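In terms of the numbering used here, the sequence shown is residues 36 to 265.
Here a beta-carbon is modelled for each residue, glycine too, at the ideal position from N, C-alpha and C.
As the structure is a prediction and not an experimental result, all values here were calculated from the model.
Below: the structure, in structure tokens.
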Amino acid sequence: MSVETVSSRAKAMTVEQRLARMEATHEIQNLMGRYSFLHSANMHQECLDLFAMDTPDVRAEMMWGVYEGPEGIKRCYPGFHVWADGDPTGKMHMHALTTPVIEVADDLRTARGVWVSPGHETGPSFHKLDDPTPVANWAWCKYACDFILENGEWKIWHLHVYGIFMCSFEKSWAEEPDDMNPDDMPPLPTEYAPDRPPTTHWNYSPDRVYVNEPAPPAPYAEFGQVTDAY
Numbered sequence: 036m037s038v039e040t041v042s043s044r045a046k047a048m049t050v051e052q053r054l055a056r057m058e059a060t061h062e063i064q065n066l067m068g069r070y071s072f073l074h075s076a077n078m079h080q081e082c083l084d085l086f087a088m089d090t091p092d093v094r095a096e097m098m099w100g101v102y103e104g105p106e107g108i109k110r111c112y113p114g115f116h117v118w119a120d121g122d123p124t125g126k127m128h129m130h131a132l133t134t135p136v137i138e139v140a141d142d143l144r145t146a147r148g149v150w151v152s153p154g155h156e157t158g159p160s161f162h163k164l165d166d167p168t169p170v171a172n173w174a175w176c177k178y179a180c181d182f183i184l185e186n187g188e189w190k191i192w193h194l195h196v197y198g199i200f201m202c203s204f205e206k207s208w209a210e211e212p213d214d215m216n217p218d219d220m221p222p223l224p225t226e227y228a229p230d231r232p233p234t235t236h237w238n239y240s241p242d243r244v245y246v247n248e249p250a251p252p253a254p255y256a257e258f259g260q261v262t263d264a265y
């Protein structure tokens with residue numbers, strides 16, 4: 036590789052540092068791929084192994100709220116998701132991961148990444164979780180994650196799901212654009228409820244302008260410099 040094809044940031048790194056960043060990017064891609072496969076297979080207990088459960092401020096933000104700390108992650112995955120799905124027969128949640136933008140910190144301790152996720156869901160209605168009848172929906176979202184190197188392995192530190200739209204498969208999202216509005220969800224049982232409301236929620240509507248949120252991460256040296264943790 037000629038000097039002209041290397042960014043000024045990479046030029047300041049040793050070959051070993053550049054190689055470590057490439058390996059970290061590959062491991063993070065695999066980590067998120069495993070998340071997608073496990074979540075699609077309703078293997079919510081196994082999803083816990085992907086999170087930084089030894090890090091107190093681990094969290095996951097869904098469209099309906101934020102789950103804080105290791106106990107919150109347990110309440111969200113083998114808690115809420117298992118409860119919401121009930122009998123897994125006929126349930127299928129497929130969220131592909133596309134257009135990755137991943138930045139590994141210069142100190143190789145943390146990383147950040149965003150993905151667009153086209154998908155579909157076959158499960159209980161988002162607004163009628165007490166009705167087990169499966170319904171088919173298109174479901175598009177975006178994932179934004181902070182990652183941390185925990186005990187020598189890359190783990191999901193902060194996961195944030197940004198809704199785009201969810202609509203019945205037989206209708207267009209312009210006709211039925213607001214099915215992911217958290218304000219319309221029925222109250223959740225206490226044992227599955229988030230710790231606090233969502234920090235942000237945008238979903239498609241014919242009268243709204245699409246926003247570039249979350250913004251792809253910018254290069255950074257260490258996580259202490261980040262002001263917009265996902």
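- Rounded to the nearest whole angstrom, the C-alpha separation of Leu184 and Ala95 is 17 angstroms.
- Residue burial annotation: Met57 is exposed, with fewer than 16 other C-beta atoms found within 10 angstroms of its C-beta.
- Pairwise C-beta distances place the region 117 to 124 out of contact with the region 138 to 154, as fewer than three of them are shorter than 8 angstroms.
- If the five residues before and after Trp208 are omitted, its C-beta is found closer than 6 angstroms to the C-beta atoms of Phe200, Cys202, Tyr239, all from its own chain and listed in chain order.
- In the structure shown, the three-state DSSP call for Ala95 is strand.
- For Glu51, the enclosing alpha helix (DSSP H) covers residues 50 to 75.
- Remark: C-beta atoms of Lys177 and Leu85 do not approach each other more closely than 8 angstroms.
- The beta-carbon separation of Gly114 and Tyr227, rounded to 5 angstroms, stays under the 8 angstroms limit for a contact.
- Our two residues, Pro251 and Cys180, have alpha carbons roughly 10 angstroms apart in a direct line.
- In this structure Tyr255 is in contact with Ala140, their Cβ atoms being roughly 6 angstroms apart against a cut-off of 8 angstroms.
- Residue pairing from DSSP leaves Glu205 without any beta-bridge partner.
- Inside the region 130 to 199, DSSP marks whole beta strand (DSSP E) runs of 3 or more residues at positions 133 to 139, 145 to 152, 154 to 158, 170 to 185, from first to last along the chain.
- As DSSP reads the structure, His128 sits in a beta bridge with Glu156.
- Distances from the alpha-carbon of Trp173 to those of Gln52, Trp192, Asp165, His130 put His130 closest.
- Look at Val244 here: in three-state DSSP terms it is coil, with no helix or strand label.
- Pro241 and Ser42 have their C-alpha atoms spaced approximately 41 angstroms apart.
- Under DSSP, Glu103 takes part in a beta bridge, and its partners are Arg94.
- According to the DSSP secondary-structure assignment, Arg231 is paired through a beta bridge with Val101.
- Under the criterion of beta carbons closer than 8 angstroms, Tyr112 and Pro229 do not qualify as touching, at roughly 12 angstroms.
- Relative to the Cα of Asp165, the nearest Cα in the group Glu248, Leu143, Met220 belongs to Met220.
- Here Val50 is exposed, its C-beta having fewer than 16 other C-beta atoms within 10 Å.
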